[in-house]
Structure formats: C-alpha cells, structure tokens
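Chains as they are written, first to last, in this note's numbering: chain A, 1 to 292; chain B, 1001 to 1292. Virtual Cβ for every residue (Gly too), placed ideally from N, Cα, C. Predicted, not measured: the structure shown is a model, and the values here were computed from it.
2 protein chains.
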Amino acid sequence: MSAKLIDGRAVAKRLKTQTAALVDEVRLAGGSVRLDAVMVGDPSAGAIYARSQETRCQEVGIEYRLHALGTDATQEDVEGLIGRLNRDGAVTGILLNLPLPEGIDTPAVQYRIDPYKDVEGVNPSNIGLLFYDSPIMAPCTALAVMEILTEAGVDPKGMNACVVGIGPIAGRPIALFLQHEMATVTACHEATRDLAAHTSQADLLVVAVGVSGLIKAEHVKRGAVVIDVGINRVEEGGETKIVGDVDFEGVVGVAGAITPVPGGVGPVTVAMLLRSAVDAACRQRGPRRIEV
Amino acid sequence: MSAKLIDGRAVAKRLKTQTAALVDEVRLAGGSVRLDAVMVGDPSAGAIYARSQETRCQEVGIEYRLHALGTDATQEDVEGLIGRLNRDGAVTGILLNLPLPEGIDTPAVQYRIDPYKDVEGVNPSNIGLLFYDSPIMAPCTALAVMEILTEAGVDPKGMNACVVGIGPIAGRPIALFLQHEMATVTACHEATRDLAAHTSQADLLVVAVGVSGLIKAEHVKRGAVVIDVGINRVEEGGETKIVGDVDFEGVVGVAGAITPVPGGVGPVTVAMLLRSAVDAACRQRGPRRIEV
C-alpha cells in the first residue's frame, strides 16, 4: 500500500487563481496591491531571492518593490525604513527578509511593521494575537500547512499531532495552529530523547527541521498524515536535488497521506504569502483593531 | 514512599523579601514603584480581589491604585484609560483585571498596555516576544512555575513534559516556557482522547485546567514532578475548601515531587507579579527595545 499523495502544486494553483481574481477586484475598486520587501545585508545573496519574489508577485498581478540596505545598516536604519513603508499609503504589504545582520534586534524590527501590512505575520503583536486565537495576519508556512490539511480533509481535532522542529518561522506557529484546532500536540526537537517514541504515536506528523532523511519509515505510525515542511539541497551523483526532512521512499509505504518535496508545502507557502498580501491590501481602508 | 513537597509559600517568602529590598533600592535612587489596576464591570465582584491586590502590594512597599470602570464602559473608554496610565510617568506598572465585559476586544485592549508597564506580560506584543524567546515581561503564572522548577532543582531540558490545559493565562505560556527550556512538551486539553496515555509518560506534569481531582494516581508516572496550577473552591461537609486539579492524597504516593494546593503555585504567582512590578519600575528610565 502506498500513501495518498497530497499535491501542493494543485493547491497552490487554485489559491493563485483565487488571489489573481482578488487582485483584479481590488483594482476595479480603485485600489492596488503592492508588496514592499526589505532586505538587509549582502546584496548578491539576496538578489536571486528578490527576483523570485518579484516574479511570483507579478504572476498574480501584485506590484513588488525591493528596498535593500547594506550590511552596515543600523537598528535605526531598518526601523526607519519600515516606519516610512508603514506611513506610505501606496504600500499595502511589507515583507522583511531574514536573517538580519548580527547586532540587529530582529523582533524589535518586526515589531515596527504595521500589523495590518505584516504579510508574513511575524510582528510579535501578530504572533501574540495568534497565540490568543484572535489573529490579524499569521505566518505563511503555518497557514500553508493548515490549508493543506483542509484540502486533504484532515480535521486535527482530537488527533495526536507531533510537530518535529520548533523554529519560530515554521514549527512553533504550526504547533500553535494545531493546538487551536484542538489536536493534542507534542513538539519535538534536538533535545528530544527518543524521537521515534513520539513520532510513532502521531496520527498527524509535521516535520520542519531542515535535515534531509531525518524521518524514516520506523518513525511513522501506519496510516498517519505526514506533512514535510523541510526544504534541503542535497548533492546526488554530481547533481543538486531538493528533498524534504522525510525519507519519502521509505515513508510513502507506511503513511496514509504525505506531501512530497518538492511540490508539497513549499508552493502552498508561496501562494499563501501572495494571498496574505491581497488580504492586507483589502484591509488597508477597513476598521482596525489595533494601531501602530 | 511519598513525594517531596515543594513549598510554594517558602519560595514566595524569599521572593517577597528580595522584592521589598528592590523597592527600597528604587526609592533610595529617587524613584517609586506603583501598580495601577484597571477593573471593568461589576464593582462588587471586583472589590474583594482589588483589596487583596492592594494588601499584597503594601506588604512589599508597592503603591497601589485602582481604576474602576462600569459594565457600560466601551472599548474606547478602556483603551483611553490605559493610554492615560501609559503616559503618566508616576505609573510604573499596569494590571488589567479579566474578564472584561462582553463586546470588548480583550487582546486589543491588552495591546494598548505599554509593554514595559505590562506587569502580567499579557500584551500580545509581549506574548510574541516570549514566543521568540526574547521577552520583556512575561505571564506571572508561567514565571512562577519556572521559578518553582528552578527552586526544586528540576532542569526541563530533554524531559518529557505534559501540560494539561491550554488556557491563554496559564497552560499556553507554561508550554512555551518549557519548550524554550528544551523539554519535549505535549499539550493536552478537553479534546485529548486518552489523557492518561499522555500524562503517564511525563517526567514533568503541569496541570492548569480548573477541575478538582482531574489528575489521579493512575495518570502519573512514578517519580514524576507534578506542578498543580489549579485553584478550585469545593464544598466539603458544609465547608469551603481550596483544592487543585490534582488528587493530592492519591498522587503524593506516586510522584517524586509535588506542589500542594493551597501553598504551591498560587503564592509564588502573587510573588512573581510583585517582582514584575518592581522590574517594570526599574526599567522605566532605561533604554527601550520597542515603543508604544
């Protein structure tokens, strides 16, 4: 028996079609959708990523602007730029590329992003509102995982869920979402003593570590839903391949459903970011619960 | 064999002595420590609680002021009052009593509290900073549990920890703290299918539900550390008794260490609130990472 494949590309395609239609609606209403990205540090490293962001925005009709600061940028420089983007009515969404250079207080910078323009939901205020199950904008990877579960007809309520990896961008927000959906969530990480003891009890296993081949067949309960958030570049026979944290070949024979890498969580996360950018634009003129 | 009793009153006494000394230091330096409590709704229900807050503050030399608004107070009224307390330099700490009347957006009100005066660490921004493991002020019950663990010589790293109850005031922040300390944390709640299956695997069991007698001997692993956050009023033979969520008589024979109720987490939480009030006062004139 082989697990049902969850097709992230199909989910992403559907989301992007909806998003493009929403962008048109905003335009027809006289508005616009614009995403301003902030990049701090080595410009050569960020350039490829920025071009990819721009292309993806253009595909759904979102205007994209890049603001690059050098490695010598100070806390005040970065916060000042974000403040200007907050006040600029033409900017409907702000994306802060990480990591920031050493010496910069990252959460303090994220705190400056207008919570209503915070398309990645990284402002501590937005994280706290998510914690209170009262979100305005939320982290895209977690939104993507929840969208995939909905798409696959998985209701986390009462499930034993195991999230491996507790990073602030993926694992930690995912665990919070699953908890709000009333799964019984166990969060594992590098200090977990017996990883397999936890993962093998999970009806729903989400892996977000960044170590290829970490999760093998023996880690997985038969019939479990396995969501692989990892994106790892590995060299194989002189070629670079993208693989997840899950040993797909081994686990596909045990799991009930599984997301592949590539073609799983990755494209849905990108699609969710674009969706959040439109959501932000739609809310720009609406009532606000909190003010910066 | 009987579990080691963790004496919360002794921990609280030591904390209060330190706090009173800190208040004196602040005074000698020309400052003051003042805690302003906001209470919205039925004044008769809140009066007893407010008097108790005042007494506790006075015990360590903290000035206490109560601001009561009626049940007809609007979102703007409550946020406006908090804004005035933020701007008042004499106010060094703000405490917002919950629950707020229906129709009030509680997280939006909490968001208005200056993060540096937020003695209970309930502002979504403070919650988010805690989530990023970069806190300014944090929820007092979670701080109390961590203090108790330190006092009892328990290092959560690598432990299987189970937190029962995922409320926003106690269970959810406690789970976050334990995760930061690298415990493998499982969060259980009313939708958990087999509670005993999870709790009986836990080296560290924290219970914060509000149901007396919920956790019995059969739920507990032999030798486990059991922290009972519950405070429940029960009638027994015509008398009102305070008990926790843990069936103390049964569990004391199985656990390795246990906090009693009363005399466990409760007094330490109060002491932690007072400590946070002094911390806030000490930071009033210092540098700030974030601004309201």
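State the Cα-Cα distance for the pair residue i and residue j, rounded to the nearest angstrom.
i	j	result
A:Thr-223	B:Ser-1125	Residue 223 of chain A is actually Gly in this sequence, not Thr. Using only the alpha carbons, I get a separation of about 39 Å.
A:Arg-289	A:Gly-158	32 Å
A:Leu-176	A:Asn-86	28 Å
B:Val-978	A:His-180	What the structure shows of chain B is the stretch from 1001 to 1292, and residue 978 of chain B is not part of that stretch, so it cannot be assessed.
B:Ala-1010	B:Gly-1266	12 Å
A:Leu-28	A:Arg-283	15 Å
B:Gln-1110	A:Asp-133	14 Å
A:Thr-199	B:Asp-1088	52 Å
A:Ala-50	B:His-1219	52 Å
B:Ile-1215	B:Gly-1031	46 Å
B:Gly-1237	B:Gly-1213	17 Å
A:Ala-73	A:Arg-193	41 Å
B:Ala-1161	A:Ala-187	10 Å
B:Ala-1037	B:Thr-1055	13 Å
A:Asp-114	A:Val-91	11 Å
B:Thr-1184	A:Gln-53	36 Å
B:Pro-1173	A:Leu-178	16 Å
B:Asp-1118	B:Phe-1131	16 Å
A:Ala-45	A:Ala-196	37 Å
A:Arg-65	A:Val-261	29 Å
B:Leu-1143	A:Pro-43	42 Å
Taking DSSP as the reference, what is the three-state secondary structure of residue i?
i	result
B:Lys-1221	coil
B:Leu-1096	strand
A:Ile-174	helix
A:Ile-148	helix
B:Thr-1074	coil
A:Arg-289	coil
B:Arg-1193	coil
B:Thr-1259	coil
A:Lys-16	helix
B:Leu-1214	coil
A:Asp-24	helix
I'd like to know whether the C-beta of residue i is nearer than 7 Å to at least one C-beta of chain B.
i	result
A:Leu-248	In the sequence as presented, Leu is not what sits at residue 248 of chain A; that position holds Phe. By this cut-off, A:Phe-248 is not an interface position.
A:Thr-316	Residue 316 of chain A lies beyond the stretch modelled for chain A, which goes from 1 to 292, so this question has no answer here.
A:Pro-43	no
A:Gly-128	yes
A:Met-182	yes
A:Thr-171	The amino acid occupying residue 171 of chain A in the given sequence is Gly; Thr does not appear at that position. Chain B contact via Cβ: absent.
A:Ser-125	yes
A:Ile-290	yes
A:Ile-166	yes
Output yes if chain A places a C-beta closer than 7 Å to the C-beta of residue i; else output no.
i	result
B:Phe-1177	no
B:Tyr-1132	yes
B:Ile-1094	no
B:Lys-1221	no
B:Ile-1082	no
B:Gly-1253	no
B:Thr-1186	yes
B:Met-1193	One detail in the question is off: residue 1193 of chain B reads as Arg in this sequence, not Met. Chain A, which has a Cβ nearer than 7 Å to the Cβ of B:Arg-1193, makes this yes.
B:Pro-1107	yes
B:Tyr-1116	no
B:Tyr-1111	yes
B:Gly-1238	no
B:Gly-1158	yes
B:Pro-1287	no
B:Ile-1174	no
B:Pro-1099	no
Which residues share a DSSP beta bridge with residue i?
i	result
A:His-67	A:Val-38
B:Cys-1188	B:Val-1164
A:Asp-228	A:Val-207
A:Thr-199	Paired residues: none, contrary to the question.
A:Glu-79	DSSP lists no partner for A:Glu-79.
A:Leu-5	A:Ile-258
A:Thr-240	A:Glu-235
B:Val-1246	B:Ile-1215
B:Asp-1279	Answer by DSSP bridge pairing: none, since B:Asp-1279 is not bridged.
Please indicate yes or no: does the CB of residue i lie closer than 6 Å to some heavy atom of the ligand NAD?
i	result
B:Pro-1260	Annotation note on the ligand NAD: not contained in the displayed structure, which lists no ligands.
Pull up the CB-CB distance for residue i and residue j, whole angstroms please, since I reckon it's below 8 Å.
i	j	result
B:Ala-1280	B:Leu-1015	Not a contact, Cβ separation roughly 16 Å.
A:Val-251	A:Ala-217	6 Å
B:Met-1039	B:Asn-1097	5 Å
B:Val-1226	B:Val-1246	6 Å
B:Arg-1112	B:Glu-1079	5 Å
B:Ile-1258	B:Ile-1006	7 Å
B:Leu-1035	B:Gly-1093	4 Å
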